[in-house]
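What follows is a single structure, written as structure tokens, with notes after it.
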Amino acid sequence: MGVVLDVCRRVVQRDRANRFPRLRQRVQSISILQPRPADAARRRLLRQPDAGRPGSRHPAAQVQTMTRLSIVVAVVVLALLVGANVAASRSMPAIDVTRDGLNTLTPQSVGAAKSLQSDAQVIGLFRPGTGNGQAETEALIALYAAQSPHVVYRRENFDTDRSDVKLYAIKQPNTVVIEYRGKTEQLTPPAQDEAGFTAALLKLQSGRVPLVCWAVGDGERGLKDVDQGAGYSSVADILTHDSFATRDLVLAQATSIPGDCDQLAIVDPTSVLPTPSLKAIDDYLAAGGKLLLAAEPWAKDPKSMDSLNAALKPYGLAFSGALVIETDPAHRSSSDPTIVAVSGYGRSPITDEIQGRVSFFPLTTAITGAPGPAVIATPIATTSATSYAIAQPRSVQDLGRKAGDASGPFTVMETLEQAAGAKRTRIVLLGTGGFAENRTLPPSNSDANLDLVLASFQWLAEQDSLVSTPSKQGRALPLALSQQDQSILIFITSVLMPGLMVFGGVVTWWRRRVFS
């Protein structure tokens with residue numbers, strides 16, 4: 000029995016071995032499965048008997064040639080990339096793809112840089128640390144340096160480079176100094192933009208040094224007073240290093256204001272100005288003169304306040320003489336309600352660079368009245384609506400509000416401008432002489448008073464007209480969305496997109512399950 004089974008198994012195996020080759024040959028002989036004689040490019044639908052065998056189809060020499068060619072191509076491409084990078088690094092042309100040209104200087108700025116006839120030394124005195132603005136400022140300086148080889152920059156450490164700090168009388172860190180032909184300009188952080196740099200370059204190239212005539216002899220604050228509290232020596236340093244000239248003027252003896260006085264500064268006189276002096280001021284302003292006038296409350300001699308108001312009568316404004324008390328903690332010094340703090344300013348070239356920065360007005364009075372029809376008045380600094388003013392002197396312990404005290408808000412700084420023939424009369428009014436005393440300026444104080452003082456003198460000197468650079472939008476532009484837009488956005492991101500992903504996954508799973 001076993002022998003019979005063995006014979007049968009051998010017959011079946013032999014028959015199977017012979018059947019499948021014969022079947023394969025018959026199928027291969029079908030014409031539709033074979034390439035046509037005129038179309039050798041077509042492939043067989045069934046694999047060749049010898050297809051899929053291991054081993055390369057290309058000779059060894061051809062493989063080596065292809066490998067060498069690949070290496071050569073890779074080396075050539077790498078060399079081209081390196082050469083392109085080297086050439087780009089040595090060339091100055093660049094493409095600014097920002098919408099508002101944030102990395103491109105305006106034609107006026109390019110002209111200011113290219114008109115330099117000698118080296119302009121730009122010194123960045125930065126204090127190391129994050130948020131000092133050094134990277135942004137140096138990137139801007141590089142744009143000017145790309146336009147002119149005369150823009151030479153070097154960086155220094157504010158805390159260790161004491162020689163430059165002393166030489167240029169730097170009052171605060173992160174200041175940039177531009178020195179050109181013996182004159183210097185200082186740019187504090189708020190002014191370190193394109194408009195500030197271009198204005199500084201144009202001013203240094205103009206060759207004109209504005210003269211500030213400083214009134215003395217009637218108890219005014221003096222530029223030579225080095226007292227760390229009420230002195231004005233810091234203002235003298237600011238004017239000197241910002242290319243202003245100063246000269247004392249005994250106003251009580253003056254019957255006319257000298258013609259070379261570009262500005263007249265009268266800060267907190269304590270005695271009455273003589274009638275000839277008032278007439279000299281009136282004639283000076285009527286001819287297009289420039290005046291900075293500061294008063295203080297509770298004058299020792301009430302007639303001194305009257306004489307100041309007489310000089311302002313043609314323009315419709317006056318000092319009230321009352322002491323302003325600020326009750327809003329957000330608009331005053333934390334420890335003293337007589338020190339007004341301002342961070343929101345009226346729109347003016349004086350305040351363009353300090354919006355949002357706080358400045359202090361200690362012991363200030365209010366500016367009252369209505370300007371004349373031909374006068375352009377711009378309130379620069381005002382108090383809150385909860386402030387009040389005390390007309391008559393009281394003790395420090397008795398400054399609470401009482402019946403009869405005037406209610407705020409009050410203007411404590413204001414500018415006036417009026418046409419005077421071909422010129423323009425400009426006046427800056429301040430309700431306190433303390434706005435620029437040494438204790439409110441660096442190094443004692445690092446708030447916006449320094450910029451406010453400097454911008455006031457620059458505005459009076461009409462240096463705001465040196466440059467008019469169009470503003471550029473910030474890098475992060477706000478996206479305005481309506482309620483409907485927000486609903487659509489939420490639906491797309493929270494419902495539609497996840498739903499499509501789930502639907503695609505279900506379809507893929509179903510196809511695999513069915514067709515597998």
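Each residue of the sequence shown is one higher than the one before, starting from 0 at the first, in numbering that gives the first Met the number 0.
Beta carbons are placed, not taken as given, at the ideal position from N, Cα and C, and that holds for glycine.
Counting only runs that start and end inside the segment 91-141, the alpha helix (DSSP H) elements of at least 4 residues fall at 106-113. Closest in C-alpha terms to Leu451, from the list Pro348, Gly407, Phe490, Ser108, comes Pro348. DSSP places Val505 outside any beta strand (DSSP E); the residue lies instead in the alpha helix (DSSP H), whose first and last residues are 496-514.
Taking a cut-off of 8 Å on C-beta distances, the segment 393-408 does not touch the segment 253-265, as fewer than three cross pairs fall below it.
For Trp458, no beta strand (DSSP E) encloses it; the enclosing alpha helix (DSSP H) starts and ends at 448-459.
Taking 8 Å as the cut-off, the Cβ atoms of Leu316 and Thr337 do not count as close.
Residue pairing for Glu184: DSSP places it in a beta bridge opposite Ile177. Boundaries of the alpha helix (DSSP H) around Leu488: 482-490. By the neighbour-count criterion, in which a residue is buried when 16 or more other Cβ atoms sit within 10 angstroms of its Cβ, Ala298 is buried. Of all alpha-carbon atoms in Ala376, Ala190, Val501, the one lying nearest the alpha-carbon of Thr174 is that of Ala190.
In the assembly as shown, Thr439 is a buried residue. Its beta-carbon has 16 or more other beta-carbons within 10 Å. Separation of the CB atoms of Gly195 and Leu201 is rounded to 11 Å, and the pair is thereby denied contact status at 8 Å. Ser443 carries a coil assignment under DSSP once its states are collapsed to helix, strand and coil. Taking Gln354 as the centre and dropping the five residues before and after it, the same chain places the C-beta of Tyr344 closer than 7 Å to its C-beta, in chain order. According to the DSSP secondary-structure assignment, Ala244 is paired through a beta bridge with Leu210.
Pairwise C-beta distances place the segment 370-385 out of contact with the segment 288-296, as fewer than three of them are shorter than 8 Å.
Annotation: Lys312 is outside any alpha helix (DSSP H) and is labelled neither H nor E by DSSP.
Between the C-alpha atoms of Ile169 and Ala78 there is a straight-line separation of about 50 Å.
Note that the C-beta distance between Gln227 and Asn444 is not below 8 Å.
In its chain, beyond the 5 residues on either side, Ala310 have a beta carbon closer than 6 Å to the beta carbon of Ile280. Lys202: member of the alpha helix (DSSP H) spanning 193-205, first to last residue. The three-state reading of DSSP puts Tyr143 in helix, counting H, G and I together.
Nearest C-alpha to His149 among Ala138, Thr136, Ala198, Lys113: Lys113. Phe360 carries a strand assignment under DSSP once its states are collapsed to helix, strand and coil. The C-beta distance from Val411 to Ala365 rounds to 7 Å, short enough to meet the 8 Å contact threshold.
Between the alpha carbons of Pro209 and Tyr231 lies a distance of about 19 Å.
Our two residues, Ile140 and Glu178, have alpha carbons roughly 14 Å apart in a direct line. About 6 Å separates the beta carbon of Ser386 from that of Phe409, a gap short enough to meet the 8 Å contact definition. Per DSSP, the unbroken alpha helix (DSSP H) holding Ile280 starts and ends at 274-285. A Cβ-Cβ distance of about 7 Å is found for the pair Ala454 and Glu352, placing them in contact under the 8 Å criterion.
Here DSSP, grouped into helix, strand and coil, assigns Ile338 to strand.
At a Cβ-Cβ threshold of 8 Å, Ser242 and Thr183 count as neighbours. Apart from the 5 residues on each side of it in sequence, Pro301 sits with its Cβ closer than 8 Å to the Cβ of Gly320 in its chain, given in chain order. Annotation: Leu429 is outside any alpha helix (DSSP H); the continuous beta strand (DSSP E) that includes it extends over 422-429. Per DSSP, reduced to three states, the secondary structure at Lys299 is coil, with no helix or strand assignment.
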